[in-house]
């Protein structure tokens with residue numbers, strides 16, 4: 332009987348220690364995992380877009396929004412850092428999350444006590460080439476969840492047609508000339524006859540005929556006066 336009591340007392344500390352080990356939360360070492368290969372080469376415009384995500388409310392104009400997730404539940408661990416490689420159309424650009432000193436806004440967000448959400452904003456039109464993440468946990472990859480594509484179309488100014496500047500019109504707008512003000516005759520004026528000189532109107536029609544008759548009358552009168560004068564000046568001698 333005394334021996335059984337000693338055995339029972341010895342077993343109690345061992346059971347307590349085992350219970351503590353079972354209830355203890357495992358501590359995972361940091362590891363590096365890749366971006367899901369199916370999401371390499373993605374563009375924000377070509378991926379699943381969810382611009383209603385409140386994390387995209389502050390997305391600047393001309394920027395794409397990217398949302399990355401670490402899947403796997405409780406054992407997936409937490410994001411520590413991300414290193415993402417994009418192509419801007421000419422060069423490859425490496426973006427680190429988090430990094431408050433670059434031109435690409437980013438942030439980590441937690442869910443259920445785990446930091447498994449990462450957001451980053453890049454200039455619109457970039458292509459996601461590759462990425463790695465440093466995590467605590469057992470996840471074997473991280474994924475691109477959804478995006479919000481920015482506007483890549485530049486604003487086109489409304490074209491204006493310049494009006495040529497003409498002499499005497501420095502404002503660049505043309506106005507019809509007024510023959511009565513400028514003194515310059517308009518081609519085709521005058522009813523079909525006569526020449527033009529010094530800005531005077533041509534002599535045509537009845538006016539031309541009257542002047543011609545007056546001239547002839549003056550010439551005739553001058554001839555008659557000359558004849559009469561010669562008759563008066565003639566002296567007749569008689570014997």
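Residue numbers (my numbering): 332 to 570.
C-beta: ideal position from N, C-alpha, C; glycine also.
Residue 435 vs residue 451 beta-carbon contact at 8 Å: Their beta carbons are under 8 Å apart, which means residue 435 touches residue 451 by this criterion.
field: Rounded separation between residue 370 and residue 439 - CA only
entry: Residue 439 has its alpha-carbon roughly 20 Å from the corresponding atom of residue 370.
- request: Just mark residue 464 as buried or exposed, buried being the case when its beta carbon has 16 or more other beta carbons within 10 Å.
  value: For residue 464, the number of other beta carbons within 10 angstroms of its own is at least 16, and it is reported as buried.
- prompt: In three-state DSSP terms, what is residue 370?
  reply: Three-state DSSP puts residue 370 in a helix.
query: Is it buried or exposed for residue 420, if we count other Cβ within 10 angstroms and need 16 for buried?
result: The residue is exposed, with fewer than 16 neighbouring Cβ atoms inside 10 Å.
message: Looking at the secondary structure, which residues open and close the beta strand (DSSP E) in which residue 441 lies?
response: Residues 437-442.
query: To the nearest angstrom, how far is it from the Cα of residue 286 to the Cα of residue 389?
result: Residue 286 falls outside the range modelled here, since the chain spans only 332 to 570, and no answer is possible.
Inter-residue CB distance, residue 469 and residue 368 (contact presumed, cutoff 8 Å): Residue 469 to residue 368, Cβ: 19 Å. No contact.
field: Cβ-based burial, residue 392 [other Cβ within 10 Å; buried from 16]
entry: Residue 392 counts as exposed, since fewer than 16 other C-beta atoms from the protein chains shown sit within 10 angstroms of its C-beta.
- request: May I ask you to list the residues that DSSP assigns as paired with residue 418?
  value: Residue 418 is bridged by DSSP to 423, 458.
message: Applying the 10 Å Cβ sphere with the 16-neighbour rule, what's the burial state of residue 478?
response: It counts as buried.
query: Nearest chain B C-beta to residue 466 closer than 8 Å, yes or no?
result: Within the model displayed, chain B is absent; a lone protein chain is all it includes.
task: Go ahead and pull the three-state DSSP assignment for residue 392.
output: Secondary structure at residue 392: coil, using DSSP grouped into helix, strand and coil.
field: Where residue 452 sits in the DSSP three-state scheme
entry: Collapsing the DSSP output to three states places residue 452 in a strand.
field: Pairwise C-alpha distance: residue 444 and residue 474
entry: For residue 474 and residue 444, the distance between alpha carbons rounds to 19 Å.
task: Return the Cβ separation of residue 430 and residue 467 in integer angstroms, given the expectation that the two are a contact with Cβ distance under 8 Å.
output: About 20 Å separates the two Cβ atoms, so there is no contact after all.
- prompt: Got a sec, what are the start and stop residues for the beta strand (DSSP E) residue 363 sits in?
  reply: Residues 361-365.
task: Report the option in 448, 447, 386, 454 whose CA atom is closest to the CA atom of residue 433.
output: If you compare the alpha carbons of 448, 447, 386, 454 with that of residue 433, the shortest gap goes to 454.
message: With the cut-off set at 8 Å, would you say residue 372 and residue 460 are in Cβ contact?
response: Against a cut-off of 8 Å, the Cβ pair of residue 460 and residue 372 comes out as a contact.
- prompt: What three-state label does DSSP hand residue 381 in the structure shown?
  reply: Residue state, collapsed to three classes: coil.
task: Just mark residue 507 as buried or exposed, buried being the case when its beta carbon has 16 or more other beta carbons within 10 Å.
output: Here residue 507 scores only 47 on pLDDT, less than 50, and its place in the model is too uncertain to base an answer on.
message: Quick check on this structure: which residue in 411, 415, 375, 397 has the alpha carbon closest to the alpha carbon of residue 362?
response: When only C-alpha atoms are compared, the closest one is 411.
query: Going by the CB atoms, is the gap between residue 462 and residue 413 shorter than 8 Å?
result: For the pair residue 413 and residue 462, the CB atoms are nearer than the 8 Å cut-off.
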